[in-house]
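**Student:** If you're matching positions, the sequence shown starts at 10 in the working numbering and goes up one per residue.
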Amino acid sequence: MSFAAPTRRIALSASPLCRGPASLVQAHMQTRAKSSWSLKSLNPFASRKVTAPTAQNLDDPTTRKQLYQQSFAPKVEGSIFEEEVKTAQASEREDRAERVLDPSALVAGRDPDPRGRLRWQRAAVTKMILRRGAETIDDVIARTERTMTFKSPLMPTSTKKMMYLAQQIASKPLDDAMLQMRYSKKKMGPEIKLQLEEARDRAVAIYGMGLGKANGEAQQAKPRNIQDRNGTWRNIQDPSSLYIDQAWVNKGPKRSKRAIHLGRGRRVPILSHQASISVVLKEERTRIRLHDEKKAKKERNGPWVHLPHRPVSAQHQHYLW
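1. In terms of residues, what are the limits of the alpha helix (DSSP H) holding L251?
2. Does the segment 235–255 come into contact with the segment 284–298, if we say contact requires no fewer than three beta-carbon pairs (one atom in each stretch) closer than 8 angstroms?
3. How far does the alpha helix (DSSP H) with H300 in it reach, from first residue to last?
4. CA-CA distance, N244 and Q324?
5. Report the option in S161, R273, R209, H315 whose CA atom is closest to the CA atom of Q283.
6. Identify which residue in R309, I286, E207, K303 has its Cα closest to the Cα of I69.
7. Counting beta carbon pairs with one atom in the segment 158–175 and one in the segment 201–218, are three or more of them shorter than 8 angstroms?
8. Rank G240, E200, L220 by C-alpha distance to the C-alpha of S180 and give the top, closest one.
9. Compute the Euclidean distance between the alpha carbons of D147 and E154, then round it to the nearest angstrom.
10. Alpha carbon to alpha carbon, how far is D237 from K304?
11. As a quick exercise: from P248, A114, Y328, pick the residue whose alpha carbon is nearest that of L299.
12. Quick one: does A223 have its CB under 8 angstroms from some CB of chain D?
13. Identify the continuous alpha helix (DSSP H) that holds N224 and give its terminal residues.
14. DSSP three-state call for L163: helix, strand or coil?
15. With contact counted as at least three CB pairs below 8 angstroms, one residue from each stretch, are the segment 174–193 and the segment 256–272 in contact?
16. Kindly list the residues whose CB is nearer than 8 angstroms to the CB of M197, restricted to its own chain and excluding five residues on each side of it in sequence; keep chain order.
17. Within 10 Å of its beta-carbon, does R152 have 16 or more other beta-carbons around it, so buried, or fewer, so exposed?
18. Here's a check: name, in chain order, each residue in its chain whose Cβ is nearer than 6 angstroms to the Cβ of A230, leaving out the five neighbours to either side.
19. For the putative contact between A227 and M218, defined by C-beta atoms under 8 angstroms, what is the C-beta separation to the nearest angstrom?
20. Quick one: what does DSSP say I269 is sitting in, helix, strand or coil?
21. Thinking C-beta only, is R209 closer than 8 angstroms to L188?
22. Under the rule that 16 or more other beta-carbon atoms within 10 Å means buried, what is R276, buried or exposed?
23. Tell me where the beta strand (DSSP E) around Q324 begins and ends.
24. From the DSSP output, read off the bridge partner residues of M157.
25. In whole angstroms, give me the CA-to-CA distance for L280 and P262.
26. By a C-beta neighbour count over all protein chains shown, 10 Å radius and 16 as the cutoff for buried, is N224 buried or exposed?
27. Secondary structure at S349, three-state DSSP: helix, strand or coil?
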């Protein structure tokens, strides 16, 4: 008689004790995410019903904020303290609305360096008096044109690989650059697209760029054909639309280090690199100004001639040879 039979019976009798409750097993089977590479997908008679997602969309900042607030919110619904808590919260909101903010409490945030601000104002007033109130070209450009520099976080790639993507999106309109990164075959293409979306949102919300369609400026502007610095002709419909003026790659610290062991006791270190991308966003009115300045300079210089009319210099009474 084989000795395996009693052992098998003991194992079978002990297996229900090792398993967890049926409810936990059933819940685990229901919440397990499906994969497109499972063998069940090859069965033509299997159900094609898509299960609900196992977790909420935590990539959405609004969802994360709501979950964060819910975690700290007091759970008093249905308790005996519900009316007292609601009454206290309502009175606190009314007191907060009627309360006048103390200006002295906001000084640290609004004016963190008052002495430095006074020195800068004194120097600015001195320069304005010396120029008799006339604005320089740089002051006019800073007052009429907007610009923003955005730097992405470190990404798990090398500068050599990301350099080609930075060269691809440079001098392109922001929408065209995002479209290029959407269909790029490179691994970091979709990630750069997300960073460009964040840069666009920050430029609109903080710097007020790209609001021509919202304030009616785009409808009043006339379409123009301009030539950028690369020699490409572009048709500008909205002067406030965004474009990428510059794009470069930054080198970050090494993520990890490992070694490949070779023969005869030799080793080759393999380093995992990190890199980030920086972009400078500007409005199309900047390119329009540069095109007009280049055209005015060309017209001011006049046509090129072989022998321009110049006064003869270094004249002497006698020959020098």
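All residues carry an ideal CB built from backbone N, CA and C; glycine is no exception.
Because the structure is a prediction, the values reported are computed rather than measured.
**Tutor:** Taking the coordinates as given:
1. Note, L251: premise wrong, no alpha helix (DSSP H); beta strand (DSSP E) at 251–260.
2. Three or more Cβ pairs closer than 8 angstroms define a contact, and the segment 235–255 meets that threshold against the segment 284–298.
3. 293–310
4. 53 angstroms
5. S161
6. It is worth fixing the name first, because residue 69 is Asp in this sequence and not Ile. Taking only the C-alpha atoms, the option nearest D69 is E207.
7. yes
8. G240
9. 10 angstroms
10. 12 angstroms
11. P248
12. Among the protein chains of the structure shown there is no chain D, as only one such chain exists.
13. 221–224
14. coil
15. Taking 8 angstroms as the limit for Cβ pairs, the verdict is that the segment 256–272 does touch the segment 174–193.
16. M164, T166, K170, M171, L174
17. exposed
18. The residues are P248.
19. Not a contact, Cβ separation roughly 13 angstroms.
20. DSSP places I269 within a strand segment (E or B) once states are collapsed to three.
21. no
22. exposed
23. Taken as a continuous stretch (DSSP letters only), Q324 belongs to no beta strand (DSSP E), as it is neither H nor E.
24. L290
25. 10 angstroms
26. exposed
27. Residue numbering for the chain in the displayed model covers 10 to 330; residue 349 lies beyond these limits and cannot be assessed.
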